[in-house]
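For what it's worth, the working numbering labels the leading residue of the sequence shown as 307, then goes sequentially.
By construction, the Cβ of each residue, glycine as well, lies at the ideal position given by its N, Cα and C atoms.
Being a predicted model, the structure only gives us computed values, none of them experimental.
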Amino acid sequence: MTKTNSIIDLHKAFNTSEEIVFKLIRKATGQRPIYRNKIEKGYDNEVYEIETIEGSFFVIKINHTEKNLLMTEQWAIEQVRSVGVPVSRICNVDKFNYKGKSLEYMVLEMLPGKSIADVKETLSEEQLSTAYRNIGKILRLIHSVSVGGFSMHHDDGGWDYDSYDQSINSVITQISSNKNLFQKNGFTSEEFEEMVGHIEQLRDRFDCKLPVLCHGDFLEEHLFIDEEMSITGVIDFGMCRGDHPIFDFARMHADSRFNNMEDIIEGYGEHDMFQDDFNNRLFITSLSDQMQTLLMYESLGLKNEVKRVADRLCKLFRSNQSEDVLLGENPDEIRSHRG
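See the structure below:
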């Protein structure tokens with residue numbers, strides 16, 4: 307994959323011709339496309355919104371990696387559909403040859419409603435509270451899908467790891483071998499070792515015997531609502547994974563736009579994880595997720611994204627230290643440059 311500085315730069319290299327895209331739409335839907343709009347988000351897929359002369363709207367995703375990511379996403383969508391989660395109807399998942407490469411693609415119907423990210427600023431506090439409680443209910447449905455392993459799902463039905471310990475040990479090994487990268491992005495050696503020590507607690511203090519399907523990127527831009535604040539759709543299961551259900555909460559926790567976590571938890575309903583040192587596990591899982599995300603963007607050469615995630619990681623880590631002070635830790639033990 308071409309090395310670039312940002313997601314926008316990366317998408318400039320994704321340039322499947324309109325003729326080919328329209329041909330794939332006709333094959334998948336039987337309708338006649340007349341307009342396409344490129345969506346420059348994510349780092350694996352070339353994505354277009356499509357309008358047809360028949361008045362329908364579709365989304366086409368073209369996978370530019372060598373992995374069958376869209377087959378995995380199709381599997382996840384069908385799993386959550388079976389438990390009542392509103393998701394897009396999949397018209398086709400297949401491959402096509404383009405400029406000497408075999409590319410996987412998926413065509414889906416567009417969902418009704420608008421993403422919370424697009425309308426949030428227009429909603430009252432009461433409306434937002436209702437919407438987030440409904441989000442919690444939908445997340446509980448997603449997590450009702452039990453799976454047979456951890457991390458990524460494979461075409462053959464297997465998973466990256468059979469146990470929670472294996473999954474966490476892999477994360478610790480990967481992060482520990484990249485100390486220089488984190489130091490280059492503003493963390494001291496002591497801070498790095500402290501962060502790794504936190505992640506080791508996931509293995510030593512916590513467990514997960516029954517992994518569930520996690521969305522993997524459960525953020526506002528992927529959640530659609532109507533005027534009644536009902537959830538009309540959940541999109542983008544491309545980062546789905548098998549894990550402890552706290553993983554999806556951790557991704558939200560690290561995203562500063564989510565400030566209605568209490569409403570989400572209320573909608574989600576009672577669960578053992580909320581009684582089992584939830585805040586500490588939430589912080590550590592968020593820390594682990596963001597450190598892995600930084601490594602991923604570094605591997606893709608996305609320097610702007612690396613900096614963005616490093617800033618978020620810094621805020622997450624150092625705000626936790628500030629909270630520790632408020633909870634009674636000796637301030638002398640907190641390095642003076644932390645915010």
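Nearest candidate by alpha-carbon position, reference A382, set E533, D532, I396, E499 = I396
L519 and V477 closer than 7 Å at C-beta = no
Coarse secondary structure for C514, derived from DSSP in three states | coil
Just the Cα atoms here: how many angstroms apart are M535 and E432?
-> 10 Å
Over the uninterrupted alpha helix (DSSP H) stretch that includes L573, give me the two end residues.
-> According to the sequence as given, residue 573 is Gly; it is not Leu. Where G573 is concerned, the enclosing alpha helix (DSSP H) stretches over 567-574.
N- and C-terminal bounds of the alpha helix (DSSP H) containing L375 | 375-387
Spatially closest choice to Y574 from P551, L588, A560, by CA coordinates = P551
Among the residues of its own chain, which have a CB less than 8 Å from the CB of S483, if the five just before and after it don't count?
-> none
Helix, strand or coil for M558 per DSSP?
-> helix
Of the choices D466, R338, I356, whose alpha-carbon is the least far from that of G548?
-> D466
In whole angstroms, what is the alpha-carbon distance linking E526 and D542?
-> 11 Å
If you drop the 5 nearest sequence neighbours on each side, which residues of the same chain put their C-beta closer than 7 Å to that of R423?
-> Sequence check: residue 423 is Ala here, not Arg. Around A423: E526, E527.
Which residue's Cα is closest to the Cα of L376: S605, K401, A334?
-> K401
Where does I359 fall in DSSP's three states?
-> coil
Stretch pair the segment 441-449 + the segment 565-582: three plus CB contacts closer than 8 Å | yes
Curious, which full-length alpha helix (DSSP H) runs of at least 4 residues does the segment 400-483 contain?
-> 422-425, 431-448, 470-482
How close, in whole Å, do the beta carbons of E352 and F320 come, if the pair is a contact with beta carbons under 8 Å?
-> 4 Å
Any chance the segment 453-470 sits against the segment 585-600, with 3 or more Cβ pairs inside 8 Å?
-> no
Does the distance from the CB of H504 to the CB of L593 come in under 7 Å?
-> yes
Alpha-carbon spacing of G336 relative to F584, whole angstroms | 49 Å
Considering only the beta carbon of each residue, do S473 and F456 sit closer than 7 Å?
-> yes
May I have the straight-line CA-CA distance separating L409 from N403, to the nearest angstrom?
-> 6 Å
Between which two residues does the alpha helix (DSSP H) harbouring T538 extend?
-> Element bounds for T538: not the alpha helix (DSSP H) but the beta strand (DSSP E), 537-540.
Within 7 Å, strictly: CB atoms of P392 and T494 = no
Starting from the C-beta of E635, find all residues in its chain whose C-beta is less than 8 Å away, skip the five residues before and the five after it, and write them out in chain order.
-> For E635, the predicted model reports a pLDDT of 36, less than 50, meaning its position is unreliable and no value from the coordinates is stated.
Status (buried if at least 16 other CB within 10 Å, exposed otherwise) for N343 | exposed
For N321, name the three-state secondary structure that DSSP assigns.
-> coil
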